[in-house]
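So for the sequence shown, the numbering used here puts the first residue at 1; every next one is plus one. One structure is given below, encoded as structure tokens.
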Amino acid sequence: FVVKAIFTFLDELLLPYLMPQLGYWVPGIGIIITFVGIYFIGILVTNFIGRKFISLGEKIVLNIPVAKSIYGSVKQIMEAFSFKSEDSGKKVVMVEYPKENVWSIGLVNGEIKHPNNDEMLYNILIIAAINPTSGFFVLVPQSKVVHLNISVEEAMKWIVSGGIVIPEGF
């Protein structure tokens, strides 16, 4: 009802201006103008106003003692899963997990130095088949990782399908 009212309102509003310019009436111009308007409002809110609201909300939350620690932890987790760093989540690998001779597909999210020696370890997220909202985080020596020449999208299709959708080349 509301959407139809907006379309009709815009049609009636634009009729006196567009009819003389075009020489004919374009049916549904209100629909087109509405979608274009919503698109530009979305861009504006996402890029400018949205950032201001998020910044204001963060300032408020960071002044509340208990909420500050919870928000900080949740924000770190969300930033980790957003894969903003250059290599994070872009390398698809196979690792022997959960035991020897059983292979799992994972995404490399970073690397760290082993605390007891100079060996480098990959931070690998092994996403659960069928349900990609869960998985396992493992640290695996780089020497025990097999790099796959497939995209993250192909790997995700493979994992979520439970192995039914196999990437080309396998």
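Glycine included, C-beta positions come from ideal geometry on N, C-alpha and C. Every value quoted in this text rests on a predicted model; they were computed, and no experiment measured them.
- Kindly list the residues whose CB is nearer than 7 Å to the CB of F35, restricted to its own chain and excluding five residues on each side of it in sequence; keep chain order. Translated into positions along the sequence shown, residue 35 becomes position 35. Sequence-distant partners of F35 (beyond 5 residues in either direction) whose C-beta falls short of 7 Å from its own C-beta are missing from its chain.
- Item | Residue nearest to W25 in terms of C-alpha spacing, selected from I54, P167, Q142 and L10 | Here residue 25 is taken as the residue at index 25 of the sequence shown, counted from 1. The shortest Cα separation from W25 among I54, P167, Q142 and L10 belongs to L10.
- Message: Here's a check: name, in chain order, each residue in its chain whose Cβ is nearer than 7 Å to the Cβ of G135, leaving out the five neighbours to either side.
- Response: Counting from 1 along the sequence shown, the entry for residue 135 is found at position 135. Leaving aside the five residues that flank G135 on each side, the residues in its chain whose CB is nearer than 7 Å to its CB run, in chain order, L125, I126, I127 and A128.
- Message: Between V92 and I130, how many whole angstroms is the CB-CB distance? I'm expecting something under 8 Å.
- Response: For the purposes of this step, residue 92 is identified with residue 92 of the sequence shown, where counting begins at 1. For the purposes of this step, residue 130 is identified with residue 130 of the sequence shown, where counting begins at 1. That belief does not hold up - the Cβ atoms of V92 and I130 are roughly 18 Å apart, past 8 Å.
- Task: Classify E153 as helix, strand or coil using the three-state DSSP reduction.
- Result: Mapped onto the sequence shown, residue 153 falls at position 153. Note: E153 maps to helix in three-state DSSP.
- V2 burial status per 10 Å Cβ neighbour count (16 or more: buried): By 1-based counting over the sequence shown, the position of residue 2 is 2. So V2 ends up on the exposed side.
- Message: Our contact map puts V140 next to V95 with C-beta atoms below 8 Å; I'd like the distance itself, whole angstroms only.
- Response: Translated into the one-based positions of the sequence shown, residue 140 becomes position 140. Translated into the one-based positions of the sequence shown, residue 95 becomes position 95. Rounded, the Cβ-Cβ distance is 5 Å, consistent with contact.
- So what does DSSP say about E96, is it helix, strand or coil? Taking the first residue of the sequence shown as 1, we reach residue 96 at position 96. Here E96 carries a strand assignment [DSSP, helix/strand/coil].
- Among all the DSSP beta bridges, which residues are the ones paired with S104? Translated into positions along the sequence shown, residue 104 becomes position 104. Answer by DSSP bridge pairing, in chain order: V95.
- For G28, which of N63, E12, I41 and P16 has the nearest alpha-carbon? Position 28 of the sequence shown, counting from 1, holds the residue named residue 28. E12 is the residue among N63, E12, I41 and P16 whose C-alpha sits nearest the C-alpha of G28.
- Compute the Euclidean distance between the alpha carbons of N123 and L44, then round it to the nearest angstrom. Here residue 123 refers to the residue found at position 123 of the sequence shown. Here residue 44 refers to the residue found at position 44 of the sequence shown. Separation of N123 and L44 (C-alpha to C-alpha, rounded to the nearest whole angstrom) is 37 Å.
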